[in-house]
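Residue numbers (numbering that gives the first Met the number 0), protein chains in the order written: chain A, 0 to 103; chain B, 0 to 242.
Just so it is clear, CB atoms sit at the ideal spot from N, CA and C, and this is done for glycine as well.
A quick note: this is a predicted structure, and the numbers were derived from the prediction, not measured.
First up is the structure itself, then whatever we jot down about it.
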Amino acid sequence: MNSEPKSIMLVVLVSAIATAIPRFIPYFSKYINKLPDWVTEKLALLPIAALGALIFPFVILDFPTVWFAGLCGVGAAFFLGFLKQNMIVSIIASIMVTYAILII
Amino acid sequence: MKRSIDNTIVLMKILDDLTIKDGISDGFPILLGYFSTAVAFGLICRNINITFFSAVLMSATSVAGSGQFLAINLYSTGTFIVELFISVMLINFRYVFMGMSINNKLDKDISFLQRCLVAFITTDEVFSVASLRNQNLNFKYVFSMQLTAYTGWVVGTGIGYVIGTVLPQSLQAAMGVTLYAMFASLWASEVRKDGFPILSIGLISAAINSFLVCICELSAGWSFVIAMVSASWIGSYIVKRKN
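Take a look at the structure:
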């Protein structure tokens with residue numbers, strides 16, 4: 000894994016700028032209030048649509064030795080999240096499931 | 000009669016002037032919520048071997064849950080910086096709408112610097128709490144709430160990183176699942192609230208992304224952008240049909 004300090008600083012900077020732009024637009028622009036409805040409704044779904052793509056396929060590709068190890072962990076986290084568990088509880092359970100599968 | 004008019008005036012005054020104390024007490028539940036998510040972020044940063052300083056600096060400058068997780072994820076899969084920029088901006092685009100709403104309720108005599116400070120810490124939770132106050136918002140209320148939430152986010156990141164450092168070596172491989180577990184738990188809580196459409200939108204983007212990465216061998220960043228945009232496009236029709 001690549002961890003040169005230079006490139007992570009660039010990531011920190013780019014992330015900060017890419018987050019600040021959408022935050023500052025509405026406070027300093029008078030035109031953004033007129034986005035058409037069909038654009039707004041799609042933009043509202045972007046964060047949800049991101050989640051699926053953030054998990055797959057890398058949760059499988061990241062565990063080349065036992066391909067389903069991460070998948071089972073994610074399944075556990077999803078299940079607990081669905082039962083309204085705290086995120087940390089879900090994550091710890093997920094790590095434990097993955098750990099158990101990897102050492103078996 | 001006069002008395003009731005006086006009372007009404009007093010009541011209106013209370014409704015008008017939100018204090019710093021209101022801000023802190025409204026921000027405190029957000030602080031608690033952010034804390035656990037930030038601990039998860041700190042853990043992940045430790046896990047992919049970025050420095051303590053960078054992890055905390057990222058939380059302090061971005062202050063964005065999913066945006067930061069995305070940036071770190073793309074960084075660890077070796078994505079180009081342009082793709083990272085576009086992806087993070089797209090996922091954060093919702094802040095435009097939240098900012099529009101807060102801006103409309105904010106006192107008009109607020110200074111340029113104050114406006115910048117409020118804009119800088121616009122988040123989903125700050126937006127929803129501020130919206131629940133059905134009244135004009137002054138700077139000291141909004142900013143003290145934001146600052147309370149911000150503290151939870153930055154301190155939580157540091158603590159999560161330290162927890163990651165003291166964890167036994169044997170757990171390190173399994174720790175690779177942390178980021179995905181966090182996304183899955185976010186997704187699950189959205190599915191619980193809104194049901195089938197949310198589940199299917201996630202599955203569609205998962206399928207498109209897997210196809211683009213594994214079969215088309217596209218880079219992680221671009222396939223992510225394509226999967227995210229096309230799934231939300233398709234998703235808007237699913238949501239419409241359901242309603």
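- request: To the nearest angstrom, report how far apart leucine 42/A and alanine 206/B are at their CA atoms.
  value: Here residue 42/A refers to the residue found at position 43 when the first sequence is read from its first residue. Here residue 206/B refers to the residue found at position 207 when the second sequence is read from its first residue. Near 20 angstroms, if we compare the C-alpha coordinates of alanine 206/B and leucine 42/A.
- prompt: If you draw a straight line from the C-alpha of serine 100/B to the C-alpha of methionine 181/B, how long is it?
  reply: In the second sequence, residue 100/B corresponds to position 101, counting from 1. In the second sequence, residue 181/B corresponds to position 182, counting from 1. Distance between the alpha carbons of serine 100/B and methionine 181/B is about 28 angstroms.
query: phenylalanine 23/A versus chain B: which residues are under 7 angstroms apart at the beta carbon?
result: Numbered from 1 along the first sequence, position 24 holds the residue referred to as residue 23/A. What phenylalanine 23/A touches in chain B: Ala118.
Nonlocal neighbours in the same chain, by C-beta distance under 7 angstroms from serine 229/B, ignoring five residues either side: Mapped onto the second sequence, residue 229/B falls at position 230. If we look at serine 229/B and ignore the five residues flanking it on each side, its Cβ neighbours are Ile207.
field: C-beta neighbour in chain B for phenylalanine 77/A, strict 9 angstroms
entry: For the purposes of this step, residue 77/A is taken as residue 78 along the first sequence, with counting starting at 1. Yes - at least one Cβ of chain B is within 9 angstroms of the one on phenylalanine 77/A.
message: Looking only at its chain, what residues have a beta carbon closer than 7 angstroms to the beta carbon of serine 89/A, apart from the 5 residues adjacent to it on each side?
response: Position 90 of the first sequence, counted from the start, is the residue given in the question as residue 89/A. So the list reads Ala76, Leu79 and Gly80, once near-sequence residues are dropped.
field: Alpha-carbon to alpha-carbon, leucine 42/B and valine 161/B
entry: By 1-based counting over the second sequence, the position of residue 161/B is 162. By 1-based counting over the second sequence, the position of residue 42/B is 43. For valine 161/B and leucine 42/B, the distance between alpha carbons rounds to 8 angstroms.
Cβ pair isoleucine 47/A, tryptophan 186/B closer than 9 angstroms: Start at 1 with the first residue of the first sequence, and residue 47/A comes out as number 48. Start at 1 with the first residue of the second sequence, and residue 186/B comes out as number 187. Yes, these two residues count as a Cβ contact at 9 angstroms.
- prompt: Got a sec: is the Cβ-Cβ distance from isoleucine 103/A to anything in chain B below 9 angstroms?
  reply: Counted from its first residue, the first sequence places residue 103/A at position 104. Chain B contact via Cβ: absent.
- request: Mind checking which residues open and close the alpha helix (DSSP H) that includes aspartate 16/B?
  value: Reading the second sequence from its first residue, position 17 is the one you call residue 16/B. Unbroken run through aspartate 16/B: none, as it is neither H nor E.
- prompt: Which residues bound the alpha helix (DSSP H) around glycine 80/A?
  reply: Numbered from its first residue, the first sequence carries residue 80/A at position 81. Here the alpha helix (DSSP H) through glycine 80/A covers 68-81.
task: May I have the straight-line CA-CA distance separating threonine 122/B from serine 58/B, to the nearest angstrom?
output: Your numbering for residue 122/B matches position 123 in the second sequence. Your numbering for residue 58/B matches position 59 in the second sequence. Approximately 13 angstroms, taken between the alpha carbons.
Distance between beta carbons of serine 231/B and leucine 45/A, contact taken as under 8 angstroms: Here residue 45/A corresponds to residue number 46 of the first sequence, with the count starting at 1. Here residue 231/B corresponds to residue number 232 of the second sequence, with the count starting at 1. With a Cβ gap of about 5 angstroms, leucine 45/A and serine 231/B count as contacting.
field: N- and C-terminal bounds of the alpha helix (DSSP H) containing arginine 240/B
entry: Position 241 of the second sequence, counting from 1, holds the residue named residue 240/B. Element bounds for arginine 240/B: 219-241.
field: Chain-ordered chain B contacts of proline 35/A [CB-CB under 7 angstroms]
entry: The count along the first sequence starts at 1 and reaches residue 35/A at position 36. The contacting residues do not exist; proline 35/A stays about 13 angstroms from chain B at best.
- request: Answer with yes or no whether the minimum CB distance from phenylalanine 67/A to chain B is below 9 angstroms.
  value: Numbered from 1 along the first sequence, position 68 holds the residue referred to as residue 67/A. It does not; no Cβ of chain B falls within 9 angstroms.
field: Touching by the beta-carbon criterion (3+ pairs, under 8 angstroms), the segment 77-93 of chain B and the segment 101-120 of chain B
entry: no
Spatial distance of leucine 136/B from tyrosine 149/B (CA atoms): In the second sequence, the residue the question calls residue 136/B occupies position 137. In the second sequence, the residue the question calls residue 149/B occupies position 150. Spanning the two alpha carbons is a distance of roughly 19 angstroms.
query: Alpha carbon to alpha carbon, what distance is there between asparagine 48/B and valine 176/B?
result: Residue mapping note: residue 176/B aligns to position 177 of the second sequence, counting from 1. Residue mapping note: residue 48/B aligns to position 49 of the second sequence, counting from 1. Between valine 176/B and asparagine 48/B, the C-alpha separation is close to 15 angstroms.
- prompt: The alpha helix (DSSP H) spanning phenylalanine 111/B covers which residue range?
  reply: Here residue 111/B corresponds to residue number 112 of the second sequence, with the count starting at 1. Counting along the chain, the alpha helix (DSSP H) containing phenylalanine 111/B begins and ends at 111-119.
query: Does the ligand NAP have even one heavy atom less than 8 angstroms from the beta-carbon of tryptophan 37/A?
result: Summarising the ligand content, the structure contains no ligands, and the ligand NAP is consequently not present.
- request: For chain A, find out if any of its Cβ atoms is closer than 9 angstroms to the Cβ of phenylalanine 35/B; answer yes or no.
  value: Mapped onto the second sequence, residue 35/B falls at position 36. Note that residue 35/B is serine in the sequence shown here, rather than phenylalanine. So yes, serine 35/B belongs to the interface.
- prompt: Taking just the CA atoms, how far does isoleucine 54/A sit from tryptophan 66/A?
  reply: Taking the first residue of the first sequence as 1, we reach residue 66/A at position 67. Taking the first residue of the first sequence as 1, we reach residue 54/A at position 55. Tryptophan 66/A and isoleucine 54/A: Cα-Cα distance of roughly 14 angstroms.
query: valine 73/A to isoleucine 7/A, Cα distance in whole Å?
result: Within the first sequence, the letter at position 74 stands for residue 73/A. Within the first sequence, the letter at position 8 stands for residue 7/A. Computed Cα separation, rounded: 27 angstroms.
message: Please list, in chain order, the chain B residues whose beta carbon lies closer than 7 angstroms to that of proline 56/A.
response: The count along the first sequence starts at 1 and reaches residue 56/A at position 57. Result: Asn208, Ser209, Val212 and Cys213.
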